[in-house]
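Here the structure comes first, spelled out in structure tokens, and everything after it is commentary.
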Amino acid sequence: MKEAFIKFENVNLTYDLYLDKTNNLKEYVINKLTNRRPVSKVMEKVAALKNINIEFRHGDRIGIIGRNGAGKSTMLKVISGIYKPSSGKLTVSGNIQPLIEIGAGFDPEFTGRENIYLNGYMLGFTKEQIRLKENEIIEFTELGEFIDVPVKYYSSGMAVRLAFTIATSIEPEILAFDEMLAAGDIEFIQKAKLRMDSLITKAKMLIIVSHDLGMIKSLCTKVLVFHQGQICFIGTPDEAIEFYVNRGYDK
Amino acid sequence: MQIVDGIITEFKDAWRFRYVINSFVSTKLKQRYRRSFLGYFWTILAPFSHYAIIGFVMSNISRSSMPNYFVYMFSGSVFFSVIAGVINGAPMYLIANEHFIKKIYLPKIIFVLNTVALEFVNFSLTAISLVLLGMITKLIHFSIAFLYLPIPILFGMLLLIGLGCVISIASVYFRDLIHILPAVMQAAFFLTPILYSIDMIPTKYHKFILMNPIYYLIECFRIPIVQGDFPPLPFTLALIGMSLFIFLFGMILLKKYDNKIAFRL
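The listed protein sequences correspond, in order, to chains A and B. Last residue of the first sequence: number 251 in the numbering used here, and the count goes up by one each step with no gaps. Last residue of the second sequence: number 265 in the numbering used here, and the count goes up by one each step with no gaps.
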């Protein structure tokens, strides 16, 4: 088991937001030939994360809060490697499991069983590691013989059950998740909650993005408040929530 | 140097996720034949009937009767169809996988490798069956030159990985490429000596054919099968040179746009 460790050094993330909707060759060529520009500016640089400097250590329980579009989810995606920093340095050590959206890494044409493997492989696991988990996953989902039916024929509750179980069957060192799910029948939600709790307890590091302040308070030991792509407050859950609720970043 | 490092990292990463490709290819193959009565036999039957018709028509209307025309036309067409398959599918490699690209980390080369691998596995099944069929019917004779065949296949894969990268990235920015490419490939089919041989067209047009990388690819695959000979050295060198160039170009483009694609999809 590796030591879980994340370090951001002057990390920035900017991307190009295209303002014109020219996304086909035909219009592009016509515009070039007629020397016509549909809008005055073709694209705009958007700074999604600005100058992030922070270190997360082994045992940290981090909560990230902030308004919509503040950069919370972007931060999680950068940690997971989905986005790469435009500048600055990011060091991540430890196996990371991002739960950004339930069902990411699903192919609806594949059967439930094939999806268990596909998903596992996408998270970087080997066939043997997945085979050990396979039966436990199938049992937990209560899908029975539906496990060998393509996922596109599942009800949404069944799909969520399978996706949730796969995503939570791997015990990573760093667990990062965004707004958790609520689907499936009551019985499953309770089962899911227990499973989630045990996963959270076992994780060496936890990073949660949520609007649910109650959950943040109960799970985290350290909370970051994001505003306009910057970390504007770091503190204990109580301090951070108070800062956030009173809109401290406006003052 | 930074770009070389980038390419090496991409492939190291792809190796780490090799099981994704594995599972994609085997599942797609199973899916394709799952509910069909003839199963894997379709891999042979479908192209065979397609080219048998073309071959029958062409051998009857063309005046110069080439020896072994059927084998000539078949080996060229089968190899061309894998090229066209990859290129025509390429616009969707990244676009269709938007939900993966935005929500999970996977090296982007995986999406190109998935389909290239699938097409080549399919192609191998077809090619092996056709060669066996040719040998049973005595149209093809076993020759030591068959040992050369992995070379056009390997460099064909490199060329198609490069082209796949270029087309799939360009399609993210120009969504209508998917409608343009089939027409381009249709033209490429007739501009490449597949149904005819290069001697059948006027010398002044030869220079255009000699610039076409697909020509060398097909020629290097066809000569061992049809003539039982090794292709001339300049053909091999042209094949290797052009494939490597296009492969590297595709990889450089992929590294350059790696971080931009997720925001434009």
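A virtual CB, placed ideally from N, CA and C, is assigned to each residue, including glycine. In this text, all values refer to a predicted model and were calculated from it rather than measured experimentally.
For the beta strand (DSSP E) containing residue i, list its first residue and its last residue.
i                : result
Gln227 (chain B) : Counting along the chain, Gln227 (chain B) falls outside any beta strand (DSSP E), though it belongs to the alpha helix (DSSP H) covering Pro213 to Gln227.
Phe74 (chain B)  : Unbroken run through Phe74 (chain B) is the alpha helix (DSSP H), Tyr69 to Gly89; no beta strand (DSSP E).
Gln230 (chain A) : Gln230 to Gly235
Gly63 (chain A)  : Arg61 to Gly66
Leu206 (chain A) : Met205 to Val209
Whose CA, out of the options, lies closest to the CA of residue i?
i                : options                                   : result
Ile64 (chain A)  : A:Arg57, A:His58 and A:Ser73              : A:Ser73
Asp107 (chain A) : B:Leu237, B:Thr27 and B:Lys138            : B:Thr27
Phe146 (chain A) : A:Asp178, A:Gly66, A:Asn119 and A:Phe110  : A:Phe110
Thr168 (chain A) : A:Thr91, A:Lys193, A:Pro150 and A:Met205  : A:Lys193
Asp16 (chain A)  : A:Ala47, A:Thr34 and A:Asn35              : A:Ala47
Thr9 (chain B)   : B:Ile261, B:Lys255, B:Phe24 and B:Arg264  : B:Lys255
Ala46 (chain B)  : B:Arg32, B:Met58 and B:Ser59              : B:Arg32
Gln227 (chain B) : B:Tyr51, B:Pro67, B:Asp258 and B:Ser59    : B:Pro67
Met185 (chain B) : B:Val82, B:Asn60, B:Ile201 and B:Glu119   : B:Val82
Ile261 (chain B) : B:Ile151, B:Ser171, B:Ala183 and B:Ser243 : B:Ser171
Gly221 (chain A) : A:Phe56, A:Asn35 and A:Leu19              : Reading the sequence as shown, one finds Thr at residue 221 (chain A) and not Gly. Here the closest residue by C-alpha is A:Phe56.
Leu147 (chain B) : B:Phe11, B:Phe230 and B:Leu132            : B:Phe230
Met1 (chain B)   : B:Ile252, B:Leu265 and B:Phe263           : B:Ile252
Leu19 (chain A)  : A:Met43, A:Asn31 and A:Phe5               : A:Met43
Tyr154 (chain A) : A:Leu132, A:Gly112, A:Ile231 and A:Val223 : A:Gly112
Ile231 (chain A) : A:Phe5, A:Gly124 and A:Met75              : A:Met75
Ser77 (chain B)  : B:Met92, B:Ala90, B:Tyr51 and B:Ala238    : B:Tyr51
Ile102 (chain A) : A:Gly235, A:Ala240 and A:Ile166           : A:Ile166
Gly59 (chain A)  : A:Ile6, A:Ile234, A:Lys45 and A:Lys133    : A:Ile6
Phe177 (chain A) : A:Thr91, A:Phe188 and A:His211            : A:His211
Phe188 (chain A) : A:Ser198, A:Met215, A:Met158 and A:Ile54  : A:Met158
Ile200 (chain A) : A:Gly248, A:Leu175, A:Leu143 and A:Lys50  : A:Leu175
Taking residue i and residue j to be in contact with their CB atoms under 8 Å, please state how far apart those CB atoms are, rounded to whole angstroms.
i                : j                : result
Lys77 (chain A)  : Ile52 (chain A)  : The Cβ separation is near 13 Å, so there is no contact.
Ile21 (chain B)  : Ile110 (chain B) : 6 Å
Phe17 (chain B)  : Phe189 (chain B) : Their Cβ separation, rounded to whole angstroms, is 34 Å, which puts Phe17 (chain B) and Phe189 (chain B) out of contact at 8 Å.
Phe174 (chain B) : Asn24 (chain A)  : 5 Å
Leu213 (chain A) : Arg61 (chain A)  : So it is not a contact: roughly 15 Å between Cβ atoms.
Glu171 (chain A) : Lys202 (chain A) : 5 Å
Leu118 (chain A) : Ser23 (chain B)  : 5 Å
Val225 (chain A) : Gly66 (chain A)  : 6 Å
Gly55 (chain B)  : Phe70 (chain B)  : 5 Å
Lys26 (chain A)  : Asp176 (chain B) : 6 Å
Let me check one thing: in DSSP terms, what residues is residue i bridge-paired to?
i                : result
Ile153 (chain B) : Partner(s): none; Ile153 (chain B) has no beta bridge.
Lys26 (chain A)  : None, per the DSSP bridge assignment.
Asn12 (chain A)  : A:Ser87
Pro98 (chain A)  : A:Ala176
Glu44 (chain A)  : A:Leu17
Phe226 (chain A) : A:Gly66 and A:Ile231
Lys7 (chain A)   : A:Glu55 and A:Thr91
Val172 (chain B) : In the DSSP output, where bridge partners are listed per residue, Val172 (chain B) has none listed.
Leu49 (chain A)  : A:Leu13
Pro150 (chain A) : A:Thr111
What are the start and end residues of the alpha helix (DSSP H) that includes residue i?
i                : result
Glu114 (chain A) : Gly112 to Met122
Phe164 (chain A) : Ser156 to Ala167
Lys260 (chain B) : Leu233 to Arg264
Ser143 (chain B) : It is not in any alpha helix (DSSP H) - Ser143 (chain B) carries neither H nor E in the DSSP assignment.
Phe123 (chain B) : Ile109 to Ile136
Lys72 (chain A)  : Lys72 to Ser80
His99 (chain B)  : Glu98 to Ile101
Pro202 (chain B) : From DSSP, Pro202 (chain B) is part of no alpha helix (DSSP H); its letter is neither H nor E.
Pro182 (chain B) : Leu177 to Leu191
Phe11 (chain B)  : Gln2 to Arg16
Ile138 (chain A) : Lys127 to Thr141
Tyr93 (chain B)  : Met92 to Ile95
Gly248 (chain A) : Looking at the DSSP string, Gly248 (chain A) is not in any alpha helix (DSSP H), and its letter there is neither H nor E.
Gly214 (chain A) : Leu213 to Leu219
Three or more C-beta pairs below 8 Å linking the stretch 81-88 of chain B and the stretch 151-169 of chain B: yes
Contact the stretch 88-100 of chain A vs the stretch 3-13 of chain B: 3+ CB pairs below 8 Å: no
Stretch pair the stretch 204-215 of chain B + the stretch 94-103 of chain B: three plus CB contacts closer than 8 Å: no
Segment contact flag, the stretch 191-204 of chain B with the stretch 213-230 of chain B, C-beta cutoff 8 Å, min 3 pairs: yes
Contact the stretch 100-114 of chain B vs the stretch 131-140 of chain B: 3+ CB pairs below 8 Å: no
Touch test, the stretch 79-87 of chain A against the stretch 6-25 of chain A, Cβ-Cβ under 8 Å, three pairs minimum: yes
Three or more C-beta pairs below 8 Å linking the stretch 135-143 of chain A and the stretch 152-167 of chain A: yes
At least 3 beta-carbon pairs within less than 8 Å: the stretch 191-206 of chain A vs the stretch 149-158 of chain A: no
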